[in-house]
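Q: In the working numbering, the protein residues as written are 86 to 716. Handing you this structure, nothing more for now.
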């Protein structure tokens, strides 16, 4: 008998046919009869109500069950602080006055946003120090039930009050109404400094004192200025005050500090600072450079970190601190609200005599002129005139020495002819010094005025680029006197020069070229005639006339246009002063007559220093003569 095989096509047909029959039966089934009987309607309504109640009860039971599981998980994770986390909610509180706006997050009780009012970034955006989680403030501690907690992960409960005109925000991480950890912020009107306190109450049996309690504050500094290189490499430092001294660390460095009063994350013109009435000990501060390639636009410049243990007092935390988010303004730091903070030392005014000149002379002069003039370019020009007039006596002294050397130069040339050769070098030097002494001329009299002008040069080198009053102030073609001016953007980058052309450095370089050209003859007069075996300094000066302007052109192309403006005006004024002194003040005939008169006078008694020099030269001359005889 032939075995019957499975027919797959017939099977598919039966399935399709069955599906068609079921669809027909469902669509053509009679609709239920609608009755108007009252009892039937009530039964139907009751049935629906029971069904709805059952559904609602099921949902509520599920929600209650999930909430219970959540609370149980929080209790297992947070222990005594679970109740605060359960009852707390997400949200923010805003502290705001005329100069700064702080947004404080319930989660972590920390500042979520810090907006500096009245300032913009280089691309005209609102200037934030903190935004989009670039900062973190956390206290890490252990509990007596062997848990390790981080405040940045916990929700605080905020309360907003007033203390006179001051705004107060208290955020509490509660165990109970009488047991809590509190962050308290108090903001005064028109003040950048915000009082901030950390204190605990009734947590002596909750916080485990045998475990370290660590404060960790980290901030990634936003780029705010046009020149990334200038902002990041030249003016962004991590400042701190410890042992009554203010110091700083460079990027890539980490230090452990004791007796730490405050730290300041300084970013050229703006700073983020934390000050504490109770000094930190064994604190670690770290600065990290986040700019990997200056050719690529970047959001953050540096990462600043503070890690420090906190000390318990009678089993409780109690620290009074201050936050500062604002401009790095020397004038602001010297105001009454910053009295006793020493934050003014974080203004980069230079060390030693350079900082002294900026603090005692240039800032007072600048502030005085600022009260009369509204245009900062004109203030710089007027300040330059004041500085050059003050320095003009030094220019006169230098020129006077040059004129005296010019008068006695023929005698010095004759002296070289009288004592030729290396064997007479010592005798020639003695006679040269004798002529200069009788004429009242000293080589140092020409060098000292030039040296005295150097501190002014280096002081102003710090003053203009760090003065926030010049930030985003325009003058002529420069739209920001605190940064470089641009008259032409290059389609490529020149090494050490940049991808733009600045006009003020070009003008300053041209001015310094003509100044050095005029000064060359003066320097030639100051030098004695070249002696045998000695290098001719005049040749070196010829090279410097061209080298110095080119070096200045390259160096200042990326620097503050205010500094280039100062050097341009300063060199023009110096040229004018030199011309006036040369043509209207210095009389070479009178100088020559005075020198001849000096020669007739008996020589003054030598000083002990001069006697020692002459004795040493005489001994050297005798030794040279003995060596010559032996040969």
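Just so it is clear, CB atoms sit at the ideal spot from N, CA and C, and this is done for glycine as well. All figures in this text were calculated on a predicted structure; none of them were measured in a lab.
#1: Quick one: measure Cβ to Cβ for residue 188 and residue 198, integer angstroms, because I've assumed they're closer than 8 Å.
#2: Under three-state DSSP, which class holds residue 120?
#3: With DSSP run on the structure shown, which of helix, strand or coil describes residue 275?
#4: DSSP state of residue 379, grouped into three classes?
#5: Pick out whichever of 354, 254, 326 has its Cα sitting closest to the Cα of residue 361.
#6: Looking only at C-alpha atoms, which of 341, 335, 193, 604 sits nearest to residue 351?
#7: How many angstroms separate the CA atom of residue 277 from the CA atom of residue 672?
#8: Tell me whether the beta-carbon of residue 566 lies closer than 8 Å to the beta-carbon of residue 462.
#9: Would you call the CB atoms of residue 411 and residue 356 closer than 8 Å?
#10: Taking DSSP as the reference, what is the three-state secondary structure of residue 177?
#11: Just mark residue 87 as buried or exposed, buried being the case when its beta carbon has 16 or more other beta carbons within 10 Å.
#12: Can you grab the Cα-Cα spacing for the pair residue 259 / residue 368, in whole Å?
#13: Who does residue 585 pair with in a DSSP beta bridge?
#14: Write down the C-beta distance between residue 261 and residue 269 rounded to the nearest angstrom, noting that I regard them as a contact closer than 8 Å.
#15: So is residue 254 buried or exposed if we call it buried at 16+ other beta carbons inside 10 Å?
#16: For residue 399 and residue 265, what's the separation of their Cα atoms in angstroms?
#17: From residue 409 to residue 641, what distance separates their C-alpha atoms?
#18: Run through DSSP, which three-state label would residue 38 get?
#19: Measure the Cβ-Cβ separation of residue 429 and residue 421 and say whether it is below 8 Å.
#20: Go through its chain and collect everything with a Cβ distance to residue 117's Cβ below 6 Å, but skip five positions before and after it.
#21: If you run the structure through DSSP and keep just helix, strand and coil, what is residue 238?
#22: Classify residue 470: buried if its beta carbon has 16 or more other beta carbons within 10 angstroms, exposed otherwise.
#23: Specify, as a first and last residue, the run of the beta strand (DSSP E) that residue 336 falls within.
#24: Per the contact definition of three or more C-beta pairs closer than 8 Å, is the stretch 291-301 in contact with the stretch 379-387?
#25: Okay, do the stretch 309-316 and the stretch 630-650 touch, 3+ Cβ pairs below 8 Å being the bar?
#26: I need the DSSP call for residue 261, collapsed to helix, strand or coil.
#27: Does residue 661 pass the burial test, meaning 16 or more other C-beta atoms within 10 Å, or should it be called exposed?
#28: For residue 353, which option in 285, 551, 237, 343 has the closest C-alpha, if you only look at C-alpha atoms?
#29: Please go through the same chain and pick out, in chain order, the residues whose beta-carbon is closer than 7 Å to the beta-carbon of residue 427, but skip the five residues on each side of it.
#30: Within 10 angstroms of the Cβ of residue 631, are there 16 or more other Cβ atoms? Answer buried if so, exposed if not.
#31: Could you give the first and the last residue of the continuous beta strand (DSSP E) run that contains residue 412?
#32: Does residue 352 come out as helix, strand or coil in the three-state DSSP assignment?
#33: Using C-beta distances below 6 Å, list every residue in its chain close to residue 341, excluding the 5 sequence neighbours before and after it, in chain order.
#34: Check whether the Cβ of residue 439 lies closer than 7 Å to any heavy atom of the ligand SAH, and answer yes or no.
#35: Return the first residue and the last residue of the alpha helix (DSSP H) that residue 655 is part of.
A: A quick look at the data gives this:
#1: 4 Å
#2: Since pLDDT at residue 120 reaches only 35, below the 50 mark, its modelled position is unreliable, and no value is offered.
#3: coil
#4: coil
#5: 326
#6: 335
#7: 60 Å
#8: yes
#9: yes
#10: strand
#11: Caution is warranted here: a pLDDT of 37 is assigned to residue 87, below 50, making its placement in the model unreliable, and the coordinate value is therefore given only provisionally. So residue 87 ends up on the exposed side.
#12: 28 Å
#13: 574
#14: Not quite, the Cβ-Cβ distance comes to about 19 Å (not below 8 Å), so this is no contact.
#15: buried
#16: 15 Å
#17: 33 Å
#18: The first residue shown for the chain is 86 and the last is 716, placing residue 38 beyond what the model contains.
#19: no
#20: Residue confidence is low: residue 117 scores 38 on pLDDT, short of 50, so the model does not pin down where it sits. Its coordinate-derived value is still stated next. Cβ within range, chain order: n/a, list empty.
#21: helix
#22: exposed
#23: Segment: none, residue 336 is in no beta strand (DSSP E) and carries neither H nor E.
#24: no
#25: yes
#26: strand
#27: exposed
#28: 551
#29: 326, 331
#30: exposed
#31: 403-412
#32: strand
#33: 369
#34: In terms of ligand content, the structure shown is empty, and the ligand SAH therefore cannot be addressed.
#35: 646-665
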